[in-house]
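If you read the sequences in order, they're chains A and B. Mapping to the working numbering: the first sequence position 65 is 198, numbers consecutive. Mapping to the working numbering: the second sequence position 87 is 220, numbers consecutive.
2 protein chains.
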Amino acid sequence: MLSQIAPSDDLVFFRPHQFLARENERPEALYEILEGWACRHRLLSDGRRQITALYLPGDHCDAIWPLSDVCRDAVVTLTNVRAVRRPLGDIHTLDRPKGMGAQLAESIERQSGWLVSLGRKTAVERLAHLLLELFERMRRAGLAYGQQCALPLTQTDIADATGLTAVHVNRTLQSMRAKGVLEFHSKWLRIPDLGALRDLAALGPHDQV
Amino acid sequence: MLSQIAPSDDLVFFRPHQFLARENERPEALYEILEGWACRHRLLSDGRRQITALYLPGDHCDAIWPLSDVCRDAVVTLTNVRAVRRPLGDIHTLDRPKGMGAQLAESIERQSGWLVSLGRKTAVERLAHLLLELFERMRRAGLAYGQQCALPLTQTDIADATGLTAVHVNRTLQSMRAKGVLEFHSKWLRIPDLGALRDLAALGPHDQV
DNA sequence: GACGTTTGAAAACATATGTGAATCCGAGTT
DNA sequence: AACTCGGATTCACATATGTTTTCAAACGTC
C-alpha cells in the first residue's frame, strides 16, 4: 500500500490545524498520509469555509499538485497526522509514486460527486452520502471494523464539507440516529445497515463512493 | 490555439442535446470543441440534474478521460457543435494534444471553485461567479467583443449549473439586471462593469475565473 | 482536580430558496 | 396569419435550512 520511500523522503508529524500548504503559494512537497486526517479547503473573505476534499490514511495531499504551479486551496490537518513528505521537485522530474494516477482520477470523480451533492441533494442525502463515502474509504484502507470506523470530524467540519451549517448538521444527524440508520458519537461511526444508508444517499447503482 | 490534427482525427458535427459520452460507458474518443457549447452532467433517479462542467470552444471533452476507464458523468451538447474527434486509444499511447495538461489542471481548479459556489454562496454570488467565469473564458478564447459575449444557455441550464431552480435564477437575474450589473437577453451577455460583478461574486483577489 | 476551551445539543425565530401553476413571448413552421 | 413549442416571466404559497443564543458535556492543560 505504502509507496516506496526515496532517500529525499521524510517522515513528518503534524498537530491538528497545521498547514500542509497555503493558498496561493507554490507547493513544495507532496505528503502521503500514514495516520490521521487532513482536508483541502477554501475560505471566503467573510469567513465562510468550504472543504473541497478530505484526506484519509493512504491518500496523497494533494495528488493534483504535480499539475499545477500554485495551490488554490489550503491543505490543513484535522487531527494529529503522521505522513511521508516528498519534495515536489522529484515528483515533476522523477517517477510519480505508484498508484497516484489512479488516486488522482478517483479524487476528480469524487469531486463531481460532491458537486451533485452540494448542488442538488437535501441535508439527509448529503450526510448519508458523505458518511457512506468516508466509511467505504476507511474500509478500503483496512481501517474499518465490521460496520464501524473512526470518524474524527467535528460537526462543524462535516458542515463545511456538506455546505450546511453546524446547527443543521446536528439536527439532521439526530433525526438519522432516531431512525436508526446510523450511530455516531465520540468520533466513532457505526452503520447498522449499509443498504439503508445508501438508499438515503440518493446514489445511483453505479456510483462509487 | 487548435491542436495539431492527426490522420485518425475527424471533423464532426452535433445537434443540441446529443451525447458525446454516456454515463458508465467507456469513452472512446476525445473531442476538441471548435464551435458551440457542451456540458458534463449527472442525473439523480428522480430527475434532479447537476451540471458538473461547461465546455466552450477550444475546450477538450473531457480532458479527464485519459485518466479513467469509465465515464461517471454524461457529456451532452447544448448547442450545435463542431468538433475534432480523436480516438482515445491514441491519447493513452501517443502524445496528448498540446496544452491538455494545463487544461486538465484548470478544469480541476475550476471544479473546486464550483464546490465553494454551490456549498457556500448565495444565489446572486453564484450567478455572478458563473457569468463572470464564462465571460472570461469566452474572452480568452477570442470570442468576446468588448464587454459582451454569446452565452447560449437557457435559464434551466444555468440553474442546473448553479444548483438553483430555474424560477429562482430568473428572479435573481431580474434583480441583477435592475441593479445594472449585467444585461442578458437572447443568449447574449453584456457586463457593463466587470469590477462590480466581480465584487458580487465574492471571489478572492487571487481567484482565477 | 480545577480551569478554560471546544464541541454537541436545543429552542425560537428569520429568510432564502423551492414548488406548482398560469401566462406570456418570440422563433419557426405550415 | 394561425399554430406550435420551448423558454421566460410572474404570482402565491410552502418549507428546508440558516441565525442567534443558551446551556451542558467533553476534553485538554496546567
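Beta carbons are placed, not taken as given, at the ideal position from N, Cα and C, and that holds for glycine.
Residues of chain B with a Cβ closer than 9 Å to the Cβ of His339 (chain A) are, in chain order, Glu156, Asn157, Val203, Arg205. Using a CB distance cut-off of 8 Å, Thr185 (chain A) counts as an interface residue toward chain B.
Spatial neighbours of Arg331 (chain A) in its own chain (CB-CB distance under 7 Å, excluding positions within 5 residues in sequence) are listed in chain order as Leu265. C-alpha of Arg273 (chain B) to C-alpha of Ala283 (chain B): approximately 13 Å in a straight line.
Judged by pairs of C-beta atoms under 8 Å, the stretch 156 to 169 of chain B touches the stretch 203 to 223 of chain B, as three or more such pairs exist.
For Leu153 (chain B), the closest Cβ of chain A is not nearer than 8 Å. By the neighbour-count definition (other C-beta atoms within 10 Å, threshold 16), Thr287 (chain B) is an exposed residue.
For the beta strand (DSSP E) assignment, the uninterrupted runs of no fewer than 3 residues enclosed by the stretch 175 to 231 of chain A are, from N- to C-terminal side, 182 to 188, 207 to 210, 214 to 220. According to DSSP, residue pairing for Ala283 (chain B) in a beta bridge involves B:Trp321.
Here Pro149 (chain A) really is in contact with Leu211 (chain A); their C-beta atoms are around 6 Å apart, less than 8 Å. Identification of chain A residues near Leu237 (chain B) by a Cβ-Cβ cut-off of 8 Å yields Leu200, ordered along the chain.
Val145 (chain B) sits in a strand when the DSSP states are folded into three classes. Here the C-alpha atom of Ala235 (chain B) lies approximately 7 Å from the C-alpha atom of Leu200 (chain A).
Rounded to whole angstroms, the gap between the alpha carbons of Asp326 (chain B) and Ser250 (chain B) is 21 Å.
Taking CB atoms only, Arg175 (chain A) has a neighbour in chain B less than 8 Å away.
The way I'd put it, the stretch 312 to 322 of chain B doesn't touch the stretch 240 to 256 of chain B; fewer than three beta-carbon pairs between them come closer than 8 Å. Against Trp247 (chain A), the close residues of chain B are Leu248, in the order they occur along the chain (beta-carbon pairs closer than 8 Å). Nearest neighbour of Arg182 (chain A) by Cα position, chosen from A:Ala299, A:Phe268, A:Asp293, turns out to be A:Asp293. Relative to Gly232 (chain B), the option among B:His193, B:Ile291, B:Arg173 whose CA is nearest is B:His193.
Below the 7 Å Cβ cutoff, chain B contributes Leu248, Leu251, Gly252, Gly296 as neighbours of Leu251 (chain A), in chain order. Ile291 (chain B) is a Cβ neighbour of Val302 (chain B), given a cutoff of 8 Å.
For Ser178 (chain A), the chain B residues whose Cβ falls inside 8 Å of its Cβ are Ala335, Gly337, in order along the chain. A Cβ-Cβ contact shorter than 8 Å links Thr295 (chain A) with Leu260 (chain A). Rounded to the nearest whole angstrom, the CA to CA distance from Glu165 (chain B) to Ala216 (chain B) is 5 Å.
Gly191 (chain B) counts as buried, since at least 16 other C-beta atoms from the protein chains shown sit within 10 angstroms of its C-beta. Burial is judged here by how many other beta carbons sit within 10 angstroms of a residue's own beta carbon; Trp170 (chain A) has at least 16 and is buried. With a cutoff of 8 Å on beta-carbon distance, Ala335 (chain B) and Glu258 (chain B) are scored as near each other. Here Leu297 (chain A) really is in contact with Ala256 (chain A); their C-beta atoms are around 6 Å apart, less than 8 Å. Of all alpha-carbon atoms in A:Val342, A:Arg304, A:Ile241, the one lying nearest the alpha-carbon of Trp198 (chain B) is that of A:Ile241. C-alpha of Phe147 (chain B) to C-alpha of Ala196 (chain B): approximately 19 Å in a straight line. In chain order, Ile241 make up the part of chain A whose C-beta sits under 7 Å from the C-beta of Ile197 (chain B).
Taking all protein chains shown into account, Asp179 (chain A) has fewer than 16 neighbouring C-beta atoms within 10 Å of its C-beta and is therefore exposed.
At a beta-carbon threshold of 7 Å, none of the residues of chain A lie near Arg304 (chain B); the nearest stands roughly 18 Å away. A Cβ-Cβ distance of about 6 Å is found for the pair Arg253 (chain B) and Leu177 (chain A), placing them in contact under the 8 Å criterion.
By the neighbour-count definition (other C-beta atoms within 10 Å, threshold 16), Arg173 (chain B) is a buried residue.
Straight across, the Cα-Cα distance linking Leu144 (chain B) with Arg218 (chain B) is about 6 Å.
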